[in-house]
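Counting from 1, position 1 in the sequence shown corresponds to residue 379 in the working numbering; the numbering is continuous, with no gaps.
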Amino acid sequence: MSPYHRLVRRAARAGVGLVPDEVKEALKNRLSASLKPDIKAELELEIRAQLKAELKAELESELKAQLKTELEAELKTGLKAELLAFVGFLHDLPRRVEAFRVAVGAKGSANVPGADRHARELRRVVRSSAGLTADPPAPPAANDLLAELAFLHSTAHALRPAFAALASCRVLFCGQSYYNVWYLSRALRPLGWKADVYNWDTNPTNWIYYHGEDFHLGGNIALSLEGELDFYLSALYGYDVFHFANAHGIAFGWNVQSAAARRLGENGEIHLLKALGKKLVYSHNGCLDGVSQTAFSRWGPEPVCSICRWQHEPTVCSDDRNLAWGWFRNSVADYQCTLGGNRVDCNDDPRVHEVPEFYCLDPGFWHPEIEIPEQYLLPPLPDGGVRLYHAVGHRDERTRSDGVNIKSTHVYLPLLERLRGEGMMLELIEPTGIPNKEVRFLQAQADIFLDMLTFGWFGANVREAMMLAKPVICFIRPEWLESVREELPEYAEELPIISATPNTVEAVLRELIADPGKRREIGRRSRDFAVKWHSAAAGATRMDQIYRALLAGDSLVRERH
C-alpha cells in the first residue's frame with residue numbers, strides 16, 4: 379500500500395470519530411429498518427422448513443404405529459392359519475405314514491422300480507406335510523431344501539416306518555475307494571441291485587485312481603449347497619444301503635455337512651440316515667483309520683511309524699485325530715469291511731469284518747495277456763534280465779526329505795544297486811502320475827513286484843499284481859495273518875505273497891531272480907487267488923449277502939475268539 383493510501387485511510391477513521399453519537403444512532407435505526415424485511419423472510423423460510431420436518435416426523439410415527447397394528451393383526455391371523463395348518467399336517471402325519479405303508483405293502487416294493495416309484499410318492503407326502511410344495515422347485519432352492527431337511531429331522535421317528543416299507547436292493551457307494559466300488563457296483567446290478575457310485579472328491583490329483591462314477595460332484599451334481607443338498611435328499615429317498623469308504627469319508631460333501639451341522643448338530647446328515655432306518659456300511663483304508671499312532675507304532679519287528687512321512691504331522695495322523703474318527707465311525711456303521719487284521723483300538727470291534735472281496739478288481743481289465751499299447755511297450759531285456767516293479771502313489775507327498783517312505787524305497791534302491799554291481803541285469807519300473815487305467819500296461823511287463831517291508835499288509839498295487847499273475851514280495855505281519863485266519867482260514871492259507879522284512883528281502887529277491895520257474899508258479903497261484911477272492915464277481919456275491927442280511931435285520935456281529 380502506498381503512503382498516500384495509508385494517509386487517506388487514517389483520515390477516514392479520524393473522520394468517523396468526529397461524527398456525533400445522535401447522528402450515528404439515527405443512521406443505525408434507518409439501516410435496521412431496511413434490513414428487517416430481509417431477515418424476517420429468511421427466518422420464515424427456516425422456521426417453516428423446521429416445522430415441516432417436525433410435522434412429517436410426527437405423522438410418520440403415527441402412521442407407523444397404525445400400520446404396525448394393522449399388520450400385526452393381519453400377520454397373526456395368517457400365522458395362526460399357517461400354524462394351525464402345520465399342526466394339522468403333523469397331527470395327520472402318522473395316519474398318512476400308515477396309509478402309505480399299507481399301500482406299499484399291498485402293491486409290493488421288493489423290486490427296485492417299485493421302490494423308486496413309491497419313494498417319489500413318499501417325498502411328496504413329506505414335503506406337503508412340511509408345508510412345502512409337493513415337488514421340489516427347479517432349480518433347487520437352498521431354503522426350500524433346508525426346510526425339508528429340518529422336517530425330516532424333527533419327524534424321523536414318525537417317518538421311519540414309511541422308509542422301512544421302501545427297503546429294497548438299492549445301494550449307493552458314497553465316495554470312491556480307488557476303483558473297487560466301480561467294479562463292485564457294476565457286478566451287483568445283474569444280481570438285482572440298483573447300485574450307483576457317487577464321487578464327491580473334488581481333488582483332481584486323486585482322479586487318476588478312479589475308473590468311473592454315476593454321479594460326480596462338480597460334474598452332473600452342482601458343486602454348491604443347493605447341488606449337494608438336492609442330491610443328498612434325493613439319495614435319502616432313493617437308496618436303502620449307504621456304503622462309505624476312507625478315513626473321514628462318511629460324508630456327502632463339505633457343503634451339506636456344514637449346513638447340516640449348523641441346523642441338526644455335528645454329522646447331522648449321517649445321523650438322519652440312521653434315524654430313518656438306513657443301513658450304513660463302511661470300508662477301512664490305511665493305518666490311521668481308527669487306530670492311534672501310539673498303538674500302531676507298537677507293531678514289530680520294525681515300527682513302521684518311525685519311517686512314515688506323517689509321523690509328526692498331527693493334522694494328518696495323531697492319536698486324538700485317529701481315535702475321534704474311529705469312535706464316530708463305529709457309532710454309525712452297521713457293518714465294516716477291512717482286510718489285514720489290525721485289531722487294536724477302534725478296529726477291535728465286533729462289527730469290523732475281514733471282507734477281502736470288497737477290495738475287488740475286474741479280471742478282464744487286469745488280464746495277464748492284455749495287449750500293450752505302443753507308447754507303453756518296453757524294449758526286450760537281454761537274456762537273464764529281470765524287470766522289477768516298485769510304485770509309490772503320491773510319492774512326493776509320502777516320502778521324507780531323506781528318501782525314506784513306508785513303501786521301503788530306501789531299502790530297495792541300495793539293494794538293487796548292490797545286485798547290479800554283481801552283474802545282475804535288473805531293470806526297475808517306477809511309474810508316478812500315470813492314470814491307474816494305463817499303469818497296468820507297465821505292470822504287465824514286470825517279472826517281480828516289490829512292496830512294503832515293514833507295514834505288515836498290502837494294498838491295491840499288490841492286488842493288481844496278483845490279478846496280473848505276478849509274484850509279490852511284501853511283509854505279511856504274522857499276527858494280522860492269524861486274525862484274518864480266524865474269519866477266513868482259506869484266505870490266510872492260500873495267500874501267495876512272499877513275506878520279507880528289510881533283513882530278509884535280499885535272500886528272497888535273489889532266489890526269485892534266479893528261478894524263473896518259481897516266479898511263474900507263484901504268478902499262476904496269484905492269479906487264481908485274486909480271481910477267487912478279489913474279482914468283481916466275488917465281491918458282488920459277498921456284498922449281496924451282507925447287504926441283504928442287514929436289510930433283513932441281521933446285525934452280523936462278529937463272534938470274538
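Idealized CB from N, CA, C, for every residue including glycine.
Quantities reported herein were computed from a predicted structural model and do not represent experimental measurements.
Integer Cβ distance of residue i from residue j, believed to fall under 8 angstroms
i: Arg905; j: Ile826; result: The pair is not a contact, with the Cβ atoms about 15 angstroms apart (cut-off 8 angstroms).
i: Arg538; j: Leu611; result: With 8 angstroms as the limit, Arg538 and Leu611 do not qualify as a contact, their Cβ atoms being about 16 angstroms apart.
i: Leu530; j: Leu650; result: 6 angstroms
i: Ala625; j: Asn663; result: 6 angstroms
i: Lys657; j: Leu929; result: 6 angstroms
i: Glu735; j: Arg765; result: 30 angstroms between Cβ atoms; not a contact.
i: Val575; j: Leu607; result: No, Val575 and Leu607 are not in contact; Cβ-Cβ is about 20 angstroms, not under 8 angstroms.
i: Val480; j: His496; result: No, Val480 and His496 are not in contact; Cβ-Cβ is about 12 angstroms, not under 8 angstroms.
i: Ala915; j: Ala565; result: 6 angstroms
i: Met803; j: Leu846; result: Not confirmed; about 22 angstroms, so no contact.
i: Asp528; j: Arg641; result: Here residue 528 is Ala; the residue named in the question, Asp, does not match the sequence. That pair is a contact at about 6 angstroms.
i: Trp858; j: Gly834; result: 6 angstroms
Of the residues the options, the one placed nearest residue i, counting alpha carbons only
i: Thr810; options: Val770, Leu759, Cys715; result: Val770
i: Asn708; options: Val682, Cys724, Asp697, Cys695; result: Cys724
i: Ala540; options: Ala528, Ser861, Glu499; result: Glu499
i: Pro746; options: Ala443, Asp494, Ser532, Gln821; result: Gln821
i: Trp911; options: Leu859, Asn881, Arg841; result: Arg841
i: Val789; options: Ile851, Phe907, Gly596; result: Ile851
i: His469; options: Thr533, Gly781, Val669; result: Thr533
i: Leu544; options: Ser506, Ala600, Phe478; result: Phe478
i: Ser786; options: Pro741, Asn881, Ile924; result: Asn881
i: Ala362; options: Pro741, Ala600, Ala870; result: Residue 362 is absent from the structure shown; the chain starts at 379 and stops at 939.
i: Glu816; options: Leu873, Ile748, Ser877; result: Ile748
i: Leu524; options: Glu899, Asp698, Ala637; result: Ala637
i: Asp712; options: Leu701, Pro681, Leu437, Ser661; result: Ser661
i: Ala508; options: Ala493, Ala419, Arg474; result: Arg474
N- and C-terminal bounds of the beta strand (DSSP E) containing residue i
i: Val659; result: 657–661
i: Val730; result: 730–732
i: Gln714; result: 713–716
i: Leu806; result: 804–807
i: Tyr925; result: From DSSP, Tyr925 is part of no beta strand (DSSP E) but of the alpha helix (DSSP H) over 914–929.
i: His496; result: Segment 490–507 is the alpha helix (DSSP H) holding His496; no beta strand (DSSP E) there.
i: Phe827; result: 826–828
i: Arg548; result: 548–552
i: Ala573; result: 572–577
8 angstroms Cβ cutoff met for residue i and residue j
i: Glu604; j: Ala520; result: yes
i: His589; j: Tyr557; result: yes
i: Val549; j: Ala512; result: no
i: Tyr737; j: Leu755; result: no
i: His862; j: Gly704; result: Going by the sequence as given, residue 862 is Val instead of His. The answer is no: Cβ separation not under 8 angstroms.
i: Met921; j: Leu614; result: no
i: Val722; j: Val669; result: yes
i: Ala824; j: Ile807; result: yes
i: Asn783; j: Arg687; result: yes
i: His621; j: Cys552; result: yes
Local Cβ density within 10 Å of residue i, reported as buried at 16 or more and exposed below that
i: Thr832; result: buried
i: Gly631; result: buried
i: Thr583; result: exposed
i: Trp744; result: buried
i: Lys848; result: buried
i: Ser684; result: exposed
i: Leu462; result: The predicted position of Leu462 is uncertain, since its pLDDT is 45 and thus under 50; a value taken from the coordinates is nonetheless stated next. Exposed.
i: Pro568; result: exposed
i: Pro472; result: exposed
i: Asp780; result: exposed
i: Glu460; result: Confidence at Glu460 is low in this model, with a pLDDT of 48, below 50, so the placement of that residue is unreliable and no value is reported for it.
i: Ala867; result: Note on residue identity: the sequence assigns Pro, not Ala, to residue 867. Pro867 is exposed by the Cβ-count criterion.
i: Val935; result: exposed
i: Pro514; result: buried
i: Asn839; result: buried
i: Leu591; result: Rather than Leu, the amino acid found at residue 591 in this sequence is Glu. So Glu591 counts as buried.
i: Ile891; result: buried
i: Ile623; result: Looking at the sequence provided, one finds Ala at residue 623 rather than Ile. By the 10 Å Cβ count, Ala623 comes out buried.
i: Gly901; result: buried
i: Gln554; result: buried
Bounding residues of the alpha helix (DSSP H) (the contiguous stretch that carries residue i)
i: Asp608; result: 603–616
i: Phe836; result: Unbroken run through Phe836: none, as it is neither H nor E.
i: Arg765; result: Arg765 -> not in any alpha helix (DSSP H); beta strand (DSSP E) instead, spanning 764–767.
i: Asn633; result: 632–642
i: Tyr790; result: 787–799
i: Ile648; result: 646–653
i: Ala542; result: 534–544
i: Ala623; result: Where Ala623 is concerned, there is no enclosing alpha helix (DSSP H), although the beta strand (DSSP E) it sits in stretches over 619–623.
Minimum Cβ-Cβ distance from residue i to chain B less than 8 angstroms
i: Asn881; result: Among the protein chains of the structure shown there is no chain B, as only one such chain exists.
Residue i beta carbon near the ligand MG (any heavy atom closer than 7 angstroms)
i: Arg501; result: Questions concerning the ligand MG fall outside what the structure shown contains, since it holds no ligand whatsoever.
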